[in-house]
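S.K.:
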Amino acid sequence: MSLSERKTIDLEQGWDFMHKGITKLKNILEGLPEPQFSPEDYMMLYTTIYNMCTQKPPNDYSQPLYDKYKEAFEEYIVSTVYKELHGKMRDAIISLIDQEREGEQIDRALLKNVLDIFVEIGMGKMDQYENDFEADMLKDTSAYYSRKASNWILEDSCPDYMLKAEECLRREKDRVAHYLHSSSEPKLLEKVQNELLSVYASQLLEKEHSGCHALLRDDKCEDLSRMFRLFSKIPRGLDPVSSIFKQHVTTEGMALVKHAEDAASNKKADKKDIVGAQEQVFVRKVIELHDKYLAYVNSCFQNHTLFHKALKEAFEVFCNKGVAGNSSAELLATFCDNILKKGGSEKLSDEAIEETLEKVVKLLAYISDKDLFAEFYRKKLARRLLFDKSANDDHERSILTKLKQQCGGQFTSKMEGMVTDLTLAKENQTSFEEYLNNTPNTDPGIDLTVTVLTTGFWPSYKSFDLSLPAEMVKCVEVFKEFYSTKTKHRKLTWIYSLGTCNISGKFDPKTVELVVTTYQASALLLFNSSDRLSYSEIMTQLNLLDEDVIRLLHSLSCAKYKILNKEPNTKTITPTDYFEFNAKFTDKMRRIKIPLPPVDEKKKVIEDVDKDRRYAIDASIVRIMKSRKVLGYQQLVMECVEQLGRMFKPDVKAIKKRIEDLISRDYLERDKENPNMFKYLA
Numbered sequence: 001m002s003l004s005e006r007k008t009i010d011l012e013q014g015w016d017f018m019h020k021g022i023t024k025l026k027n028i029l030e031g032l033p034e035p036q037f038s039p040e041d042y043m044m045l046y047t048t049i050y051n052m053c054t055q056k057p058p059n060d061y062s063q064p065l066y067d068k069y070k071e072a073f074e075e076y077i078v079s080t081v082y083k084e085l086h087g088k089m090r091d092a093i094i095s096l097i098d099q100e101r102e103g104e105q106i107d108r109a110l111l112k113n114v115l116d117i118f119v120e121i122g123m124g125k126m127d128q129y130e131n132d133f134e135a136d137m138l139k140d141t142s143a144y145y146s147r148k149a150s151n152w153i154l155e156d157s158c159p160d161y162m163l164k165a166e167e168c169l170r171r172e173k174d175r176v177a178h179y180l181h182s183s184s185e186p187k188l189l190e191k192v193q194n195e196l197l198s199v200y201a202s203q204l205l206e207k208e209h210s211g212c213h214a215l216l217r218d219d220k221c222e223d224l225s226r227m228f229r230l231f232s233k234i235p236r237g238l239d240p241v242s243s244i245f246k247q248h249v250t251t252e253g254m255a256l257v258k259h260a261e262d263a264a265s266n267k268k269a270d271k272k273d274i275v276g277a278q279e280q281v282f283v284r285k286v287i288e289l290h291d292k293y294l295a296y297v298n299s300c301f302q303n304h305t306l307f308h309k310a311l312k313e314a315f316e317v318f319c320n321k322g323v324a325g326n327s328s329a330e331l332l333a334t335f336c337d338n339i340l341k342k343g344g345s346e347k348l349s350d351e352a353i354e355e356t357l358e359k360v361v362k363l364l365a366y367i368s369d370k371d372l373f374a375e376f377y378r379k380k381l382a383r384r385l386l387f388d389k390s391a392n393d394d395h396e397r398s399i400l401t402k403l404k405q406q407c408g409g410q411f412t413s414k415m416e417g418m419v420t421d422l423t424l425a426k427e428n429q430t431s432f433e434e435y436l437n438n439t440p441n442t443d444p445g446i447d448l449t450v451t452v453l454t455t456g457f458w459p460s461y462k463s464f465d466l467s468l469p470a471e472m473v474k475c476v477e478v479f480k481e482f483y484s485t486k487t488k489h490r491k492l493t494w495i496y497s498l499g500t501c502n503i504s505g506k507f508d509p510k511t512v513e514l515v516v517t518t519y520q521a522s523a524l525l526l527f528n529s530s531d532r533l534s535y536s537e538i539m540t541q542l543n544l545l546d547e548d549v550i551r552l553l554h555s556l557s558c559a560k561y562k563i564l565n566k567e568p569n570t571k572t573i574t575p576t577d578y579f580e581f582n583a584k585f586t587d588k589m590r591r592i593k594i595p596l597p598p599v600d601e602k603k604k605v606i607e608d609v610d611k612d613r614r615y616a617i618d619a620s621i622v623r624i625m626k627s628r629k630v631l632g633y634q635q636l637v638m639e640c641v642e643q644l645g646r647m648f649k650p651d652v653k654a655i656k657k658r659i660e661d662l663i664s665r666d667y668l669e670r671d672k673e674n675p676n677m678f679k680y681l682a
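Quick note: the sequence shown uses full-length UniProt numbering, first residue 1, plus one each step.
(1) I'd like to know whether the C-beta atoms of residue 552 and residue 520 end up nearer to each other than 8 Å.
(2) What are the boundary residues of the beta strand (DSSP E) that includes residue 680?
(3) Where does residue 670 sit, in a helix, a strand or coil, going by DSSP?
(4) To the nearest whole angstrom, what separates the beta carbons of residue 172 and residue 192, a pair I think is in contact under 8 Å?
(5) Roughly how many angstroms lie between the CA atoms of residue 606 and residue 249, to the nearest whole one?
(6) Closer than 8 Å is the cut-off here; do at least three beta carbon pairs connect the segment 573 to 587 with the segment 333 to 343?
(7) Tell me whether residue 207 is buried or exposed, calling it buried when 16 or more other Cβ atoms sit within 10 Å of its Cβ.
(8) What is the rounded straight-line gap between the Cα of residue 666 and the Cα of residue 680?
(9) Is the beta carbon of residue 198 sitting closer than 8 Å to the one on residue 234?
(10) Assign residue 273 to buried or exposed, taking buried as 16 or more other Cβ atoms, counted over all protein chains shown, within 10 Å of its Cβ.
(11) Cα-Cα, which of 35, 458 and 621 is closest to residue 641?
(12) Residue range of the alpha helix (DSSP H) that residue 228 falls in?
(13) State yes or no: is the C-beta of residue 115 within less than 8 Å of the C-beta of residue 66?
(14) In this structure, how does DSSP classify residue 452 when only helix, strand and coil are distinguished?
(15) Which one of 382, 404, 396 and 512 has the shortest CA to CA distance from residue 370?
(16) Determine whether the beta carbon atoms of residue 41 and residue 94 lie at a separation below 8 Å.
(17) So the beta strand (DSSP E) residue 578 belongs to, where does it begin and stop?
(18) Going straight from the alpha carbon of residue 549 to that of residue 585, what length do you get?
(19) Within 10 Å of its beta-carbon, does residue 299 have 16 or more other beta-carbons around it, so buried, or fewer, so exposed?
(20) When the Cα atoms are used, what is the spatial distance from residue 317 to residue 251?
(21) Label residue 446 either buried or exposed according to how many other C-beta atoms from any shown protein chain fall within 10 Å of its C-beta, with 16 as the threshold for buried.
(22) Taking three-plus beta-carbon pairs below 8 Å as touching, is the segment 622 to 642 in contact with the segment 404 to 416?
(23) Less than 8 Å between the beta carbons of residue 162 and residue 90, yes or no?
(24) According to DSSP, is residue 506 part of a helix, a strand, or is it coil?
(25) I need the boundaries of the alpha helix (DSSP H) containing residue 312, first residue and last residue.
(26) Decide yes or no for the touch test of the segment 325 to 336 against the segment 356 to 375: beta carbon pairs closer than 8 Å, at least 3 of them.
(27) Using only CA atoms, which one of 465, 535, 401 and 14 lies nearest to residue 50?
(28) Excluding sequence positions up to five away, which residues of its chain have a Cβ less than 8 Å from the Cβ of residue 658?
(29) Run through DSSP, which three-state label would residue 151 get?
(30) Along the alpha helix (DSSP H) that carries residue 683, what are the first and last residues, could you check?
(31) The alpha helix (DSSP H) with residue 617 in it runs from where to where?
(32) Please identify the residue among 103, 479, 496 and 378 whose C-alpha is closest to the C-alpha of residue 468.
(33) What residue range does the alpha helix (DSSP H) around residue 338 cover?
(34) Are the segment 551 to 568 and the segment 469 to 480 in contact at 8 Å, needing three or more beta carbon pairs?
(35) Out of 126, 125, 133 and 102, which one is the CA nearest neighbour of residue 111?
(36) What are the complete alpha helix (DSSP H) segments, minimum 4 residues, inside the segment 158 to 216?
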């Protein structure tokens, strides 16, 4: 038959003939009863395929035949060859992987080639790889590391165990890089992490001599970093680590509190300052503790929020404990005072002062009674400013900026007002001196400095109508005249308790300059016209209360400098005592300062803060109720606590008391049907 007369073979007809040949070949390969191919069979198959591939379009079936033959070949490989061999391949590969885990050398290239068969068989899908190899490999991995972990947890310390765990994870990653499919990595590591870490997390972290507590105690930063890296990989793995961290920091902080308490108790007999050196050491130690564990959070624990939270909660526990009857708020304010005042116990460079102030403000974040700190700080700031005790104005402004950033503008508004006030007061003093120079007949005969302050900014001070000596009366009158030229709308209230005087004491041995308070000066000047005065005469002439007279007379007759002689010669002041000028007094110094006995201002500060808190609670309740109109008791208390929490932790009983007070003043009313519901009265 010539080529031109060749009959066209369609695809289905030709493939049907070919498929019979393929079936015959499969039977022969599998040893089934089937006669061998004859030369005629070969020739017929060859000719048919050749003709189908060389027919003119559209009857050229070379590509469709290739695709169908490929499908048939793949189907045979998968159903017969792969099915027979994949189990043996899988087991051999897993065995080799375990051998490598035990340190033996294996042919990684061979393993890679064999594993590629699982992937290639899937023809773009991972089903064969995942189902026929990976699932069993992962199961074997779990079993392998379960056996290892059960031995290591008994034999090794926590650091050694973690080193092994980290190395195992590194090696498993390496296996993925060299012969396992990349999709296996997360599943493989999860199995290793589960067996080595999740299963034994509690035992590992709580190992008596080498667990997390011991690592923190012994400052094992490298091991703690490794612990963080490992446990951050497992679900909620960092929860127990952060919990132990919190316990450890709390324990160390409470130990500082106890040590400070014990030291303060031992020093009580010395009758030092109200807040003594031991309390100062306590604050310094707390700062050092915070520095240490904040560094741990930032480095070992990679700045993780869970550890910041743990650090905060730990410090909140012991930073709100008092020491020797002094609240943390007072201790912190006193610590700042010692840094900022001239001659304070904290001798630091400017840079160190700034750094320390920054740390103090960070500690303040943990103290619940921030309003109490503010009041103590304001009292001490007032003394520094009024008595020229502040070492550096820049540092004073710097800490106010830091406090403002931490606690808000309302927190520092009064303190900032005080600093501004003092600047204005200095300008006012300059104007007063110009007034004296330019106005005839105004010279009071005494050098006079007056500091005019704004009442709202400064702490409240007792104001008494002290009967001033004639020399001082003239000073007051002259300044009043000057001030009336500046403003007609402001009233001056003189706070003599804060005044100081330099007077010249003409004693028989020599003249000594005495630096005293206005009260003390007024009392001493009485002896210019009287040689001997009784307690009651001094009290009457000065127009002071008993407690103030006792303090000033004690400072002049019973303390270090006995400017007055007292009858009887005892260490206490009584209303029956008499006093005389001690003409024989002398001292090696030509200028001495005679202090008044210190007054414990703590009670007054706490009273002022309690009063301010009542106002704050009232305002908060009214704000909430004005917005909500009707609210239940529990919800009102909860919102009130939340609103005020930035400044202080309000007592629930105090809130209840303020609610009752607001009801009595017709701001609120109880619901008639439900007494636990409140309505706002506009």
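Think of the CB as a built atom: it goes at the ideal place given N, C-alpha and C, for glycine as much as any other residue.
M.R.: Looking at the atomic coordinates:
(1) By 1-based counting over the sequence shown, the position of residue 552 is 552. By 1-based counting over the sequence shown, the position of residue 520 is 520. Cβ distance < 8 Å, so residue 552 and residue 520 count as in contact.
(2) Counting from one through the sequence shown, the residue named residue 680 turns up at place 680. Residue range 677 to 680 is occupied by the beta strand (DSSP E) that includes residue 680.
(3) Translated into positions along the sequence shown, residue 670 becomes position 670. Strand.
(4) Residue 172 sits at position 172 when you count from the first residue of the sequence shown. Residue 192 sits at position 192 when you count from the first residue of the sequence shown. Your pair residue 172 and residue 192 checks out as a contact, with CB atoms roughly 6 Å apart and the cut at 8 Å.
(5) Taking the sequence shown and counting its residues from 1, the one referred to as residue 606 is at position 606. Taking the sequence shown and counting its residues from 1, the one referred to as residue 249 is at position 249. Across the structure, residue 606 and residue 249 are spaced so that their CA atoms are roughly 30 Å apart.
(6) No, the segment 573 to 587 is not in contact with the segment 333 to 343.
(7) For the purposes of this step, residue 207 is identified with residue 207 of the sequence shown, where counting begins at 1. So residue 207 ends up on the buried side.
(8) Here residue 666 is taken as the residue at index 666 of the sequence shown, counted from 1. Here residue 680 is taken as the residue at index 680 of the sequence shown, counted from 1. Cα to Cα, residue 666 sits roughly 9 Å from residue 680.
(9) As a first step, residue 198 is located in the sequence shown; it is residue number 198 there, counting from the start. As a first step, residue 234 is located in the sequence shown; it is residue number 234 there, counting from the start. Yes, the Cβ-Cβ distance between residue 198 and residue 234 is below 8 Å.
(10) Start at 1 with the first residue of the sequence shown, and residue 273 comes out as number 273. Bear in mind that a pLDDT of 48 at residue 273, under 50, signals an unreliable position, so the model cannot answer this.
(11) Working through the sequence shown from its first residue, we reach residue 641 at position 641. The shortest C-alpha separation from residue 641 is found at 621.
(12) Against the sequence shown, residue 228 aligns to sequence position 228. Looking at the DSSP string, the run of the alpha helix (DSSP H) that includes residue 228 is 221 to 231.
(13) Residue 115 sits at position 115 when you count from the first residue of the sequence shown. Residue 66 sits at position 66 when you count from the first residue of the sequence shown. No. Outside cutoff.
(14) The sequence position of residue 452 within the sequence shown is 452, counting from 1. In the three-state reduction of the DSSP assignment, residue 452 falls in the coil class, being assigned neither a helical nor a strand state.
(15) Within the sequence shown, the letter at position 370 stands for residue 370. Nearest to residue 370 by alpha-carbon distance, out of 382, 404, 396 and 512, is 404.
(16) In the sequence shown, the residue the question calls residue 41 occupies position 41. In the sequence shown, the residue the question calls residue 94 occupies position 94. It is not a contact, given that the beta carbons lie outside the stated cut-off.
(17) Position 578 of the sequence shown holds residue 578. Run containing residue 578: 578 to 581, per the beta strand (DSSP E) assignment.
(18) As a first step, residue 549 must be located in the sequence shown, where it is residue number 549. As a first step, residue 585 must be located in the sequence shown, where it is residue number 585. Looking at the two C-alpha atoms, the distance is approximately 22 Å.
(19) On the sequence shown, position 299 is the one that residue 299 refers to. The C-beta of residue 299 has fewer than 16 other C-beta atoms within 10 Å across all chains shown, which makes the residue exposed.
(20) Numbered from its first residue, the sequence shown carries residue 317 at position 317. Numbered from its first residue, the sequence shown carries residue 251 at position 251. One C-alpha to the other measures close to 10 Å.
(21) Working through the sequence shown from its first residue, we reach residue 446 at position 446. Classification of residue 446: exposed, given that the 10 Å Cβ count is below 16.
(22) Counting Cβ pairs under 8 Å, fewer than three are found: no touch.
(23) Looking up residue 162 in the sequence shown gives position 162. Looking up residue 90 in the sequence shown gives position 90. In terms of Cβ geometry, residue 162 and residue 90 do not form a close pair [threshold 8 Å].
(24) Residue mapping note: residue 506 aligns to position 506 of the sequence shown, counting from 1. It is a strand residue.
(25) Counting from one through the sequence shown, the residue named residue 312 turns up at place 312. Run containing residue 312: 305 to 318, per the alpha helix (DSSP H) assignment.
(26) Yes, since at least three Cβ pairs between the segment 325 to 336 and the segment 356 to 375 fall closer than 8 Å, the two stretches touch.
(27) If you number the sequence shown from 1, residue 50 lands on position 50. Considering only alpha carbons, the answer is 14.
(28) Start at 1 with the first residue of the sequence shown, and residue 658 comes out as number 658. Counting only Cβ-Cβ distances below 8 Å, and skipping sequence neighbours, we find 614, 617, 618 and 621.
(29) One-based indexing of the sequence shown puts residue 151 at position 151. In the structure shown, residue 151 falls within a helical segment according to DSSP collapsed to helix, strand and coil.
(30) Absent from the model: residue 683. The displayed extent of the chain is 1 to 682, so no value can be given.
(31) Here the question's residue 617 lines up with position 617 in the sequence shown. If you look at residue 617, you'll find it in the alpha helix (DSSP H) that goes 602 to 628.
(32) Mapped onto the sequence shown, residue 468 falls at position 468. Nearest option by C-alpha distance: 496.
(33) As a first step, residue 338 is located in the sequence shown; it is residue number 338 there, counting from the start. First-last of the alpha helix (DSSP H) with residue 338: 328 to 340.
(34) Result no; under three Cβ-Cβ pairs closer than 8 Å.
(35) Numbered from its first residue, the sequence shown carries residue 111 at position 111. The option with the nearest alpha carbon to residue 111 is 133.
(36) The segment 158 to 216 contains these whole alpha helix (DSSP H) runs: 158 to 178, 185 to 193 and 201 to 205.
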